[in-house]
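Everything on this sheet refers to the single structure shown next.
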Amino acid sequence: MAKNILDMLFWHPNKEIDNTIISYIHRGATGNIKTITGDEITRIEKGFLILHDDTYIPLHRVIKIEYNQKIVWKKSPSNKHH
Numbered sequence: 075m076a077k078n079i080l081d082m083l084f085w086h087p088n089k090e091i092d093n094t095i096i097s098y099i100h101r102g103a104t105g106n107i108k109t110i111t112g113d114e115i116t117r118i119e120k121g122f123l124i125l126h127d128d129t130y131i132p133l134h135r136v137i138k139i140e141y142n143q144k145i146v147w148k149k150s151p152s153n154k155h156h
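Numbering (this note's numbering), first residue to last: 75 to 156.
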């Protein structure tokens with residue numbers, strides 16, 4: 075699950091989340107997909123990524139996690155929630 079991977083990266087002593095790119099469903103964005111970098115995340119709690127600007131991104135909308143330019147997690151098409 076995306077949350078487990080994001081938790082590992084976020085809480086890593088070397089702040090590995092800073093080397094992470096997260097793509098998520100965002101209606102109205104080009105292709106309905108938006109991308110953020112891990113260093114924009116303030117915290118992860120109660121099913122949300124919470125960004126520095128107080129934006130809440132539901133974890134079920136995360137579709138891809140890249141770490142060091144490699145895909146480490148991708149939502150399978152059968153599990154997509156729109």
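By construction, the Cβ of each residue, glycine as well, lies at the ideal position given by its N, Cα and C atoms. Please read these numbers as outputs of a predicted model, since none were measured by experiment.
| Item | Value |
| --- | --- |
| I'd like to confirm the pairing. Which residues does DSSP put opposite tryptophan 147 in its beta bridges? | Ile139 |
| Closest to asparagine 142 by CA distance: which of Thr129, Asp81 and Ile91 is it? | Ile91 |
| Enumerate in chain order the residues of its own chain whose CB-to-CB distance from arginine 117 is below 6 Å, with the five nearest sequence positions on each side excluded. | Ile124 |
| Can you tell me where the beta strand (DSSP E) holding isoleucine 124 begins and where it ends? | 122-125 |
| In whole angstroms, give me the CA-to-CA distance for tryptophan 147 and histidine 126. | 23 Å |
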